[in-house]
Structure formats: C-alpha cells, structure tokens
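K.L.:
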Amino acid sequence: MRTLVLNAGYEPLAVVSFKRALVLVMNSKATVIECAEGDPVWGVRGALDRPAVIVLTRYVRVPQARRVPVTRRGVLRRDGHRCGYCGRSATTIDHVLPRSRGGRDSWENLVACCLRCNNTKSNRTPAEMGWELRVTPRPPHGAGWTVRGAERTDPRWEPYLALAA
6 MRTLVLNAGY EPLAVVSFKR ALVLVMNSKA TVIECAEGDP VWGVRGALDR
56 PAVIVLTRYV RVPQARRVPV TRRGVLRRDG HRCGYCGRSA TTIDHVLPRS
106 RGGRDSWENL VACCLRCNNT KSNRTPAEMG WELRVTPRPP HGAGWTVRGA
156 ERTDPRWEPY LALAA
C-alpha cells in the first residue's frame with residue numbers, strides 16, 4: 006500500500022510506502038490525515054492505523070515549473086496504451102518526425118504506437134505515408150503527472166490531487 010505525502014500547504018509532493026509514512030509520523034515529521042480502515046499495522050506495542058494520506062509538519066515548497074521527464078512508459082501512459090495511428094493496443098513508441106531527420110525525444114514528437122504501424126512507417130513522416138495522428142501529442146499536465154509515484158491513485162487521494170490541479 007502506498008501513501009500520499011502533502012506539504013503543510015496541502016500540496017501533493019510524492020507517494021511513498023506506508024512504512025516510510027509511518028516512520029515520518031512516528032518521528033513527528035508528519036501527521037496522518039486519512040488512514041486505511043480495517044487494515045492496521047501491527048507492532049510490538051499494538052496496532053497503528055495504516056496511513057493513506059499524511060501531511061508534513063514543516064512547509065516544503067513545490068516548484069511551480071516541474072518538468073515531466075519524457076520516458077517510454079510516460080508516453081504510453083499519456084496515450085492510454087493506444088496507437089496514435091490506428092488505435093490498436095500500443096507496445097512501442099514512435100517519433101513523428103524520425104530521429105534521422107532531426108526529430109527530438111520530446112512530448113510533442115513522440116506517440117504510442119503498435120508494432121505493425123511502427124514497422125510500416127519506418128523512417129518516414131505520417132504525411133509521407135498519408136496517415137493522420139488520432140491525437141496531437143502534448144506534454145502531460147495535472148497533479149497525477151507532477152506528483153512522483155501517483156500513476157496508480159487511491160480513491161482517498163482524489164480530493165488532495167484535485168486541489169493541486
């Protein structure tokens with residue numbers, strides 16, 4: 006189970022393991038806001054609530070201009086694991102403007118792609134193939150992207166992630 010960490014201003018910072026969250030709470034560096042009901046952590050001195058959301062006692066500034074790094078996993082996640090050309094299940098990524106022609110590894114130049122379309126397109130542009138992209142590739146936005154580890158969200162996190170968006 007994972008725990009959402011908020012700063013003192015209730016802005017999401019990261020997602021950590023419940024063990025790390027418990028250490029922060031036990032060292033008085035954080036307080037529990039939401040906990041997992043019916044799923045306590047058993048210790049030598051009894052049961053403790055398993056934290057789902059904690060808030061740090063000291064303020065930690067969240068940088069405004071957090072750049073989301075471009076990764077293969079991120080591109081696939083952004084595009085919903087669907088091919089940008091045909092819409093089938095995607096397992097690879099494709100450079101819209103091929104790297105051999107100066108295409109960069111950027112959010113605007115990468116799309117999720119199925120293996121068949123990737124091999125067929127090869128070293129050409131979609132215009133040369135007569136293809137159209139189903140979506141315009143853009144950088145991802147929102148708290149789910151800027152908060153490290155928030156790919157798989159817990160329903161208890163939604164109000165706090167919505168505040169950040």
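Mapping the sequence shown onto this note's numbering, position 103 (from 1) lands on 108, and the numbers just tick up by one. Here a beta-carbon is modelled for each residue, glycine too, at the ideal position from N, C-alpha and C. Model, not experiment: these values are computed from the prediction.
Please report the residue range of the alpha helix (DSSP H) in which G79 lies.
P.N.:
By one-based count along the sequence shown, residue 79 stands at place 74. Start and end: 77-83.
K.L.:
Which word fits W162, buried or exposed, when buried means at least 16 other C-beta atoms lie within 10 angstroms of its C-beta?
P.N.:
By one-based count along the sequence shown, residue 162 stands at place 157. Buried is the call here.
K.L.:
Between the alpha carbons of S4 and G92, how many angstroms are there, rounded?
P.N.:
For residue 4 there is no data in the structure shown, the boundaries of the chain being 6 and 170.
K.L.:
Please name the residue in R83, M31, R72 whose C-alpha comes closest to that of R50.
P.N.:
To locate residue 50, count along the sequence shown from 1; it is residue 45. Selected option, being the one with the closest Cα: M31.
K.L.:
Give a yes or no on whether the C-beta atoms belonging to T139 and A117 are separated by under 8 Å.
P.N.:
Against the sequence shown, residue 139 aligns to sequence position 134. Against the sequence shown, residue 117 aligns to sequence position 112. It is Arg, not Thr, that sits at residue 139 in the sequence shown. Their beta carbons are not under 8 Å apart, which means R139 does not touch A117 by this criterion.
K.L.:
In or out: D44 buried (at least 16 other Cβ within 10 Å) or exposed?
P.N.:
Locating residue 44 in the sequence shown gives position 39, where the first residue counts as 1. Classification for D44: exposed.
K.L.:
Are the CB atoms of R77 and I59 within a distance shorter than 8 Å?
P.N.:
Here residue 59 refers to the residue found at position 54 of the sequence shown. Here residue 77 refers to the residue found at position 72 of the sequence shown. Contact flag unset, no.
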